[in-house]
Amino acid sequence: MRTTTGWLAHGSTSTLHQVPILRRSLRRDDIAVRVDYCGVCHSDLHALRAPRDADAPALMPGHEFTGVVTETGPDVTRFRVGDSVAVGNIVDSCGVCAACTAGQENFCRDFPTLTYGGTDRHDGSTTLGAYSREYVLRDEFAYPLPAGLDPAAAAPLMCAGITVWEPLRALDVGPGTRVAVSGLGGLGHLAVKFAAALGAEVAVVSRSADRAAEAVRLGAHEVIVSTEPSQMAAARDRFDVLIDTIPVPHDLSPYLGLVAMDGTLSHLGHLGPITVETTDLLVGRKKLSSAGSGGRPATAAMLEFCAAHGITADIELLPSAQVADALDRLDRNDVRYRFVLDLSDLS
Ligand SMILES: NC(=O)c1ccc[n+]([C@@H]2O[C@H](COP(=O)([O-])OP(=O)(O)OC[C@H]3O[C@@H](n4cnc5c(N)ncnc54)[C@H](OP(=O)(O)O)[C@@H]3O)[C@@H](O)[C@H]2O)c1
Ligand SMILES: [Zn+2]
Ligand SMILES: [Zn+2]
Numbered sequence: 028m029r030t031t032t033g034w035l036a037h038g039s040t041s042t043l044h045q046v047p048i049l050r051r052s053l054r055r056d057d058i059a060v061r062v063d064y065c066g067v068c069h070s071d072l073h074a075l076r077a078p079r080d081a082d083a084p085a086l087m088p089g090h091e092f093t094g095v096v097t098e099t100g101p102d103v104t105r106f107r108v109g110d111s112v113a114v115g116n117i118v119d120s121c122g123v124c125a126a127c128t129a130g131q132e133n134f135c136r137d138f139p140t141l142t143y144g145g146t147d148r149h150d151g152s153t154t155l156g157a158y159s160r161e162y163v164l165r166d167e168f169a170y171p172l173p174a175g176l177d178p179a180a181a182a183p184l185m186c187a188g189i190t191v192w193e194p195l196r197a198l199d200v201g202p203g204t205r206v207a208v209s210g211l212g213g214l215g216h217l218a219v220k221f222a223a224a225l226g227a228e229v230a231v232v233s234r235s236a237d238r239a240a241e242a243v244r245l246g247a248h249e250v251i252v253s254t255e256p257s258q259m260a261a262a263r264d265r266f267d268v269l270i271d272t273i274p275v276p277h278d279l280s281p282y283l284g285l286v287a288m289d290g291t292l293s294h295l296g297h298l299g300p301i302t303v304e305t306t307d308l309l310v311g312r313k314k315l316s317s318a319g320s321g322g323r324p325a326t327a328a329m330l331e332f333c334a335a336h337g338i339t340a341d342i343e344l345l346p347s348a349q350v351a352d353a354l355d356r357l358d359r360n361d362v363r364y365r366f367v368l369d370l371s372d373l374s
């Protein structure tokens, strides 16, 4: 085993403490990565706040990171020591099921191994995330970070980015598509950038009118204030695709109302049971969908697209020692548009 340092919440608590942790010794197809930058995803907040038993495994969040390869196992051919890499929220999958063989490891029938809170497929241990100075993973689930992408601002591409990229691509968003994005946060602002770069007409549906100017800077053509019934009514039936990133359970009716005939609402935010008025789907043959993370081919394609179009996240970079502030501010929606932790303050 190898020792590193990270930010860990014990048992049922949600407070992160800096502690030494163990990473596994490299397997034949593993790489060790010095984690330089890790994004703070709203899912980290959900994970820390979710009720856990006192004897639950310790929780170390962090599932969108960039860094540098420091060691490779003997079977690794894709990377060398010194390479810059990016890693997202999946670090392994069965590799043989229909989803995996189709390049949709994110939908592995045997469930993919999550970067934190997952179960390692070999030793059964609970994975610890990248709020840490080092991460060890199978090389197949790391991606070369394209030159030209700022490593700090690229880190959020690996969860926030890929999570909106896959549905945008699966729903054939391109020139002529009318896309709405609800919730202008980490996922939402990248959805705006991607949809605009794909050639779509993009609207942001936000609670705050004061985000309008910024939404336009990010590539949106229009802002709809969700708390203004007249604006919601005027936008009725207008969008082929609505990417919903709202992180709390909410009534889908007003949002389905914005979707055009045969259009799709892709619900990516807070997951769990919701109630749907099926008449909202019936009128206009609308579709309700969801998605999460991305397969290996789509992740590589997204990074290439970002390199070609100069797309990264808009970030606020903080020393990892300020992780508690970052989480509190994220909870208060005081972030434009992603916090990224600089892990160089850990040894
Ligand atoms: N499906 C997946 O695989 C996947 C992957 C990553 C994240 N997620 C989930 O996606 C959600 C968004 O994540 P994120 O990191 O983008 O979060 P975020 O940065 O906090 O952004 C969420 C945005 O939603 C809006 N919002 C916040 N609270 C709201 C409320 N009470 N009612 C209505 N709108 C609200 C805000 O935008 P406005 O101020 O513009 O209204 C906020 O900026 C989270 O639930 C996260 O767990 C899912
Ligand atoms: Zn995430
Ligand atoms: Zn599989």
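The numbering used here puts the first residue of the sequence shown at 28, with every later residue one more than the last. Glycine included, each C-beta is placed from N, C-alpha and C at the ideal position. None of the values given here were measured: they were computed from a predicted structure.
If you check the C-beta of G122 against ligand 3, you find a heavy atom less than 8 Å away. Within the region 268-332, the complete beta strand (DSSP E) segments of 3 residues or longer fall at 286-294, 314-317, listed in chain order. Taking a cut-off of 8 Å for Cβ pairs, the region 117-137 and the region 313-329 touch, as three or more such pairs fall below it.
Between the region 45-58 and the region 89-100 there are three or more C-beta pairs closer than 8 Å, enough to call the two in contact. In the DSSP assignment, C65 forms a beta bridge with F92, L368. By a beta-carbon distance limit of 8 Å, L279 does not contact V243. Their separation comes to about 26 Å. The secondary-structure analysis by DSSP pairs F106 with nothing; it has no beta-bridge partner. C-alpha of V232 to C-alpha of R263: approximately 12 Å in a straight line. The alpha-carbon separation between D177 and T339 amounts to approximately 7 Å.
Ordered by chain, the residues meeting the criterion of a beta-carbon within less than 5 Å of a non-hydrogen atom of ligand 2 are C68, S70, C186. Taking the Cβ atoms as the reference, E91 lies roughly 5 Å from P183, within the contact range of under 8 Å. Of the other Cβ atoms in all chains shown, 16 or more fall within 10 Å of the Cβ of G213; this residue is therefore buried. Taking 8 Å as the cut-off, one finds at least one heavy atom of ligand 3 near enough to the beta carbon of A126.
Using a C-beta cut-off of 8 Å, the region 130-138 makes no contact with the region 58-69, since fewer than three inter-stretch Cβ pairs fall below that distance. Listed in chain order, the non-local C-beta contacts of A224 below 8 Å within the same chain comprise G246, F332, H336, I338, local neighbours out to five positions each way being set aside.
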